[in-house]
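These protein sequence lines map, in sequence, to chains G and H. Count the first sequence with our numbering and you get residues 77 to 388, in order. Count the second sequence with our numbering and you get residues 3 to 281, in order. For each residue, glycine too, the CB sits at the ideal point set by N, CA and C.
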Amino acid sequence: MRVLIPGIAGGIARKLALRLKNEGHDVAGVDIRPWENAKESGIEVFRGDVRKRAAEDVFRRWRPDAVIHMATVTAFTVPGAERGRINLDGTKAVFDHCATHGVKQVLFVGRHTFYGAAPDSPLYHSEDEPPRALESIPELADLVAADLYAATALWRLPEVTTAVLRLPYTLGAPGTGTLASFLKGRRVPLVLGYDPLFHVLQEDDVVTALSLALEKKVRGIFNIAGPPPIPLSVIVRETGRTGVPLPSQVLSLLLGRAGFPRLSTGALDHLRYPIVVDNRRFLEATGFEYRYSVADTLRIYREAAPVPTQGL
Amino acid sequence: MLRSGPVALFDGTDARVDRLELPFNEYGVDPYGISKRHVKEALRVFALIYRHYFRVRCHGAHHIPARGRGMLVGNHSGGVAVDGAMVLTSTMLEMDPPRLAQGMVERFLHQFPVSSLWASRTGQFTGLPEHARRLLEDDRLLMIFPEGARGTAKLYNERYSLVDFGTGFVRLALQTRSPIIPFAFLGGGSAIPTVFNAYTLGKLLGVPYIPLTPYLLPLPLPVQLEIHYGEPLVFRGTGDEEDHVIEGHVAKVKERIAGLIEVGRAQRHQRMSPRRLLP
């Protein structure tokens, strides 16, 4: 199968590309960022923005059978309005090109933060739930909108087998993404009096799940998760970090200062309330089994990203 | 039948938590975030209160299934959650093997720091149908007070009455084919003799109300409490029945609980009247 991965230069996307290549697929990608050694692995990377004309030429000339859309970004990597444009206009462009150029299968790789963190929402979120608590964290609005837009392909483009996959937090060695960045320092801020459950999946298991979704040609919306969730304090402790519990009022004053990320106060809700997903639908559709327990995942991260001796 | 024999009294509470048949992982946490360490710490405190402060008398704990799904459904008694705390302590101390009753609690508990953490780590979740259904399908033991916050708002002179029951719990029991184990909780209204509920003050603090007692604060007095569990009720159906059918089932549960309260009151009266120490 010819698989095109927009956003191929990201950490998990590279691993996925290599896995698919090893499984015998032809793999190419589009990304504004470079991936120097891709060619050595037989993977072609087209440098450019997925929203630009040149990207459509890739669809036209390379003629992918399947597309795995991983070119979305979070507030941790791209601030401001540009993030919204990448997430929404980029997703629209990818689906438009898929429809125009006869792509048979699309996987949209979204995030479990879609469901929002709120004190009164169910602990386990099923795919049938709407996004919640968006008003408290506007930085997530464009990702949620992109996820909902991708899901419209299920009825707009019936000839394309579309799957919207919602991934939990991921860790690798050390890995990329929100949680890996959050745990980077020696001390990790926590909200005093709260200890939410976190769903964590090892990057290699993420790659297995995505590869299975492609192979089984799943259609619909699916939550992906591996081992059962664990409290954030356990993650902090087992990765060798020191949790610094601060009252939420103090923590909100520190956002954007003293090494803390610049985020809205509402983002602290993700350190207060859990976002845990029900993955039964995905397990039934694909037979996915995780390889790495939480202990394995945290140990691998700790070994790859030892506690910094200086700094926050 | 009184089940608190010497074993229950002197059995270590930590050992009882270790005997819980829940799927704890390598960190002592189950898939719902229930933490062995937190349950142990909470039970040490609650067991002391249960045994020595309230000297709880528990009858009929053998009616609670040792394994598998079940709903403990009872009356609210007392202006704060003394009833819920003592019911869950009773299933930990009086059952063999012990079971953890998981309450369907008021939303505000999960909004505040500390209470959110302890409620989550001990398996006391917000009363949502999604939570109840999932926990029952996972063969957990649920604790439900169908009177809701109106039940805890009962004043001292209403302490043995029952306010209207919600009906959702019966539909859930039918949908998940769960037995309902009725229970009566006695003494909470005397332990916290509410004379007035301050709703405006409660609103300001983000809770439904603040119960006020003759000595102002809703601190419980060392009154003996009683829990009477009754025989399980099993209703047949799908949960899609018309309201009048469901209301009939609810009335039956309510009647059973009222009956248990009356039996408990009679026994209590008999036991206490010669000394006239307790209400």
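**Prompt:** Hey, out of G:369, G:345, G:362, G:182, whose CA is closest to residue 216 of chain G's CA?
**Reply:** G:345
**Message:** Between the alpha carbons of residue 182 of chain H and residue 255 of chain G, how many angstroms are there, rounded?
**Reply:** A direct Cα-to-Cα measurement between residue 182 of chain H and residue 255 of chain G gives close to 42 Å.
**Message:** I'd like to know if residue 273 of chain G contacts chain H, where contact means its C-beta is closer than 8 Å to some C-beta of that chain.
**Reply:** Residue-level contact by beta carbon holds for residue 273 of chain G and chain H, with a gap shorter than 8 Å.
**Asked** Roughly how many whole angstroms lie between the Cα atoms of residue 223 of chain G and residue 62 of chain H?
**Response** 52 Å
**Asked** Counting Cβ pairs closer than 8 Å, one from the region 295-307 of chain G and one from the region 263-282 of chain G, do we hit at least three?
**Response** Yes, they touch.
**Prompt:** What are the start and end residues of the beta strand (DSSP E) that includes residue 297 of chain G?
**Reply:** 296-299
**Message:** 8 Å is my cut-off, CB to CB: does residue 113 of chain H come that close to chain G?
**Reply:** At a cut-off of 8 Å between beta-carbon atoms, residue 113 of chain H makes contact with chain G.
**Asked** What whole-angstrom Cβ distance do residue 244 of chain G and residue 353 of chain G have, given they're in contact under 8 Å?
**Response** Rounded, the Cβ-Cβ distance is 6 Å, consistent with contact.
**Prompt:** When Cβ atoms are compared, which residues of the region 320-341 of chain G fall closer than 9 Å to chain C?
**Reply:** Annotation note: the requested chain C is absent from the structure, which comprises protein chains G and H.
**Asked** chain G partners of residue 130 of chain H, CB-CB under 7 Å?
**Response** The answer, in chain order, is 198.
**Message:** Quick check on this structure: which residue in H:42, H:245, H:129 has the alpha carbon closest to the alpha carbon of residue 107 of chain H?
**Reply:** H:129
**Request:** Look up residue 257 of chain H in the DSSP assignment and say whether it is helix, strand or coil.
**Result:** helix
**Request:** Specify the secondary structure class of residue 113 of chain H as computed by DSSP and reduced to three states.
**Result:** coil
**Prompt:** What's the C-alpha gap between residue 113 of chain H and residue 348 of chain G?
**Reply:** C-alpha separation (whole angstroms): 9 Å.
**Asked** Could one say the Cβ of residue 108 of chain H lies closer than 8 Å to chain G's Cβ atoms, at least one of them?
**Response** no
**Message:** With a threshold of 7 Å on Cβ separation, who are the neighbours of residue 72 of chain G within its own chain once the five nearest residues in sequence on each side are excluded?
**Reply:** The structure shown does not extend to residue 72 of chain G, since chain G is modelled only from 77 to 388, so the question has no answer here.
**Asked** Would residue 219 of chain G pass as a contact of residue 163 of chain G if the rule is Cβ separation under 8 Å?
**Response** yes
**Request:** Put residue 160 of chain G into one of helix, strand or coil per three-state DSSP.
**Result:** helix
**Asked** Nearest chain H C-beta to residue 269 of chain G closer than 8 Å, yes or no?
**Response** yes
**Item:** Cβ neighbours of residue 368 of chain G in the same chain (closer than 6 Å, five flanking residues each side left out)
**Value:** Short of 6 Å from the beta carbon of residue 368 of chain G, and not among the five residues preceding or following it, lie these beta carbons of its own chain, in chain order: 278, 281.
**Request:** Taking only the alpha-carbon atoms, compute the straight-line gap between residue 260 of chain G and residue 105 of chain G and give it to the nearest angstrom.
**Result:** 28 Å
**Prompt:** Does residue 234 of chain G come within less than 8 Å of chain H when only Cβ atoms are used?
**Reply:** The Cβ of residue 234 of chain G sits no closer than 8 Å to any Cβ of chain H.
**Request:** Using a threshold of 8 Å, state whether the C-beta atoms of residue 177 of chain G and residue 82 of chain G are closer than that.
**Result:** no
**Selection from H:111, H:25, H:210, H:143 that minimises the alpha carbon distance to residue 151 of chain H** = H:210
**Message:** For the ligand MG, I want to know if residue 214 of chain H counts as a neighbour, meaning its beta carbon is within less than 7 Å of at least one of the ligand's heavy atoms.
**Reply:** Looking at this structure, you won't find the ligand MG or any other ligand, since it has none at all.
**Prompt:** Using DSSP with H/G/I as helix, E/B as strand and the rest coil, what is residue 378 of chain G?
**Reply:** helix
**Prompt:** Out of curiosity, what's the CA-to-CA distance linking residue 95 of chain G and residue 160 of chain G?
**Reply:** If you take the alpha carbons of residue 95 of chain G and residue 160 of chain G, they lie about 30 Å apart.
**Asked** So what's residue 114 of chain G in DSSP terms, helix, strand or just coil?
**Response** helix
**Message:** Does any residue of chain G have a CB that is nearer than 8 Å to the CB of residue 27 of chain H?
**Reply:** yes
**Request:** Please report the Cβ distance between residue 175 of chain G and residue 230 of chain G, rounded to the nearest whole angstrom; I am assuming they are in contact, meaning their Cβ atoms lie under 8 Å.
**Result:** Contact flag wrong, Cβ pair sits at about 13 Å.
**Item:** Under 8 Å from the C-beta of residue 370 of chain G: neighbouring residues of chain H
**Value:** 27, 28, 29
**Asked** Relative to the alpha-carbon of residue 195 of chain H, which residue among H:270, H:213, H:47 has its alpha-carbon at the smallest distance?
**Response** H:213
**Asked** Per DSSP, what kind of secondary structure is residue 279 of chain H in: helix, strand or coil?
**Response** For residue 279 of chain H, the predicted structure reports a pLDDT of 49, less than 50, and the residue's modelled location is therefore unreliable. A value from the coordinates is still provided. DSSP places residue 279 of chain H in coil when its eight states are reduced to three.
**Prompt:** With a CB to CB cut of under 8 Å and the five nearest residues on each side skipped, what residues in its chain are close to residue 240 of chain H?
**Reply:** 176, 177
**Prompt:** What's the C-alpha gap between residue 199 of chain G and residue 359 of chain G?
**Reply:** The alpha-carbon atoms of residue 199 of chain G and residue 359 of chain G are separated by roughly 19 Å.
**Item:** Terminal residues of the alpha helix (DSSP H) in which residue 311 of chain G lies
**Value:** Following the DSSP letters along the chain, one finds residue 311 of chain G inside the alpha helix (DSSP H) bounded by residues 308-314.
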